[in-house]
Amino acid sequence: MFSLLRKFIRYQALEHGRWAGLYVRTCRPRGEEYAEFLRRHGDLYSVGTGNCIQVSTDIVDPDYVRIGNDCIFSTCALIGHDASVSVLNRAFGKNIDSVGKVDIKDNCFIGYGAIVLPGVTIGPNAIVAAGALVNRDVPPNSVVAGVPARVLCTIEQLTEKLEAKSDELPWRDLIDKRGPDYDPAFEPELIRARVRHMFGEGA
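Sequential numbering from 53 applies to the sequence shown in our numbering.
Listed below in C-alpha cells is the structure:
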C-alpha cells in the first residue's frame, strides 16, 4: 500500500510539480531523479540534463542559478543574494541591493560543504573541493579548494594522479568490470573488496 502511495506522490511531483516537500520526505529521491525534478519544477533560471543533485543541496536563490549538463552536486550551498544588505538598509536608511548569478557550466562537481557566493561562474569541466568557499570565478578545466577557493591544479593533472592511484588498488579489476558509472547491483561486491583491504581479511 505504501509503495503505491509513494509511486503516486512521485508521479504528482515529477509530472506536475506538486507536493515537493512530501515527495522529498517520502520518496527520498536519488540525485539523478531530484535533478530531473528541479529541471522541470525547481524555478531555477535553467537546468540542463544528466545532472545529479542531492536533495540536501541548498539552492538559496533559484531564480539566479543556471546549471549546465552532467554536473554533480554534493551537500553544498548556492547563494545568489547577499541578505546582509537588509541589515544595512534598516540600520542606515539605505536602499541597497546585492545579488549575482551562480552560473555552473557543463561537467562540474561541487563538493560537500562547498559554498558558492553570488556573481560566480564555474567551469566548464571544473571541480570545487569539499568545504571550499567560492567567491570568484572558477576557470574552465580547473580544480579549486580552500577558503577562499584557489586553483590547485588542472582537471588533466588530477585525472592523471587519480588514474595512477587507481591502477594500484587491489580492486582495480572490479572497477574495470563495473565501468565508469555507479551500478547499484555491483556496489556490494565493490564495497566488500574495499572493506577487506581497509580493515583486514576478517572484515
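Every residue, glycine too, gets a C-beta built ideally from N, C-alpha and C.
Sequence-distant residues of its chain with Cβ nearer than 7 Å to residue i (five each side left out)
{"i": "TYR97", "result": "ASP115, TYR116, VAL117, ARG118"}
{"i": "SER194", "result": "ALA178, VAL203, THR206, ILE207"}
{"i": "ARG70", "result": "GLN64"}
Top-ranked residue by Cα proximity to residue i, from the options
{"i": "ASP134", "options": "VAL190, PHE144, VAL154, PHE125", "result": "VAL154"}
{"i": "THR78", "options": "ILE156, LYS59, LYS213", "result": "LYS59"}
{"i": "ASP158", "options": "GLU239, ARG92, CYS123, TYR86", "result": "CYS123"}
{"i": "ALA129", "options": "SER136, LEU169, ASP95, GLU241", "result": "LEU169"}
{"i": "PHE125", "options": "ASP113, ASP95, ILE167", "result": "ILE167"}
{"i": "GLU220", "options": "PHE89, ARG62, HIS249, THR101", "result": "HIS249"}
{"i": "ALA182", "options": "TRP223, THR127, GLY132", "result": "THR127"}
Rounded separation between residue i and residue j - CA only
{"i": "ALA216", "j": "ARG80", "result": "36 Å"}
{"i": "LYS229", "j": "GLY171", "result": "42 Å"}
{"i": "VAL107", "j": "ARG246", "result": "27 Å"}
{"i": "ILE227", "j": "PRO200", "result": "34 Å"}
{"i": "ASP233", "j": "ASP225", "result": "15 Å"}
{"i": "VAL196", "j": "LEU57", "result": "43 Å"}
{"i": "MET212", "j": "GLY252", "result": "In the sequence as presented, Met is not what sits at residue 212; that position holds Glu. If you take the alpha carbons of GLU212 and GLY252, they lie about 28 Å apart."}
{"i": "GLN209", "j": "SER218", "result": "14 Å"}
Assumed close pair residue i, residue j - CB separation to whole angstroms, cut-off 8 Å
{"i": "ILE105", "j": "GLY83", "result": "6 Å"}
{"i": "GLY102", "j": "ASN121", "result": "5 Å"}
Cβ neighbours of residue i in the same chain (closer than 6 Å, five flanking residues each side left out)
{"i": "PRO176", "result": "LYS157, ASP158, ASN159, PRO192"}
{"i": "HIS93", "result": "GLY69"}
{"i": "VAL99", "result": "LEU90, ARG91, ILE119"}
{"i": "TYR86", "result": "ILE105, VAL107"}
{"i": "PRO222", "result": "HIS249"}
Other residues of its chain near residue i: CB distance less than 8 Å, five sequence neighbours each side excluded
{"i": "GLU241", "result": "LEU226"}
{"i": "PHE238", "result": "LEU226, LYS229, ARG230"}
Query raised in the report: Can at least three beta-carbon pairs, one atom from the region 179-187 and one from the region 145-152, be found at a separation below 8 Å?
Result: Taking 8 Å as the limit for Cβ pairs, the verdict is that the region 145-152 does not touch the region 179-187.
Query raised in the report: Taking three-plus beta-carbon pairs below 8 Å as touching, is the region 156-165 in contact with the region 136-143?
Result: By the Cβ rule, the region 156-165 does not count as touching the region 136-143, because fewer than three pairs are nearer than 8 Å.
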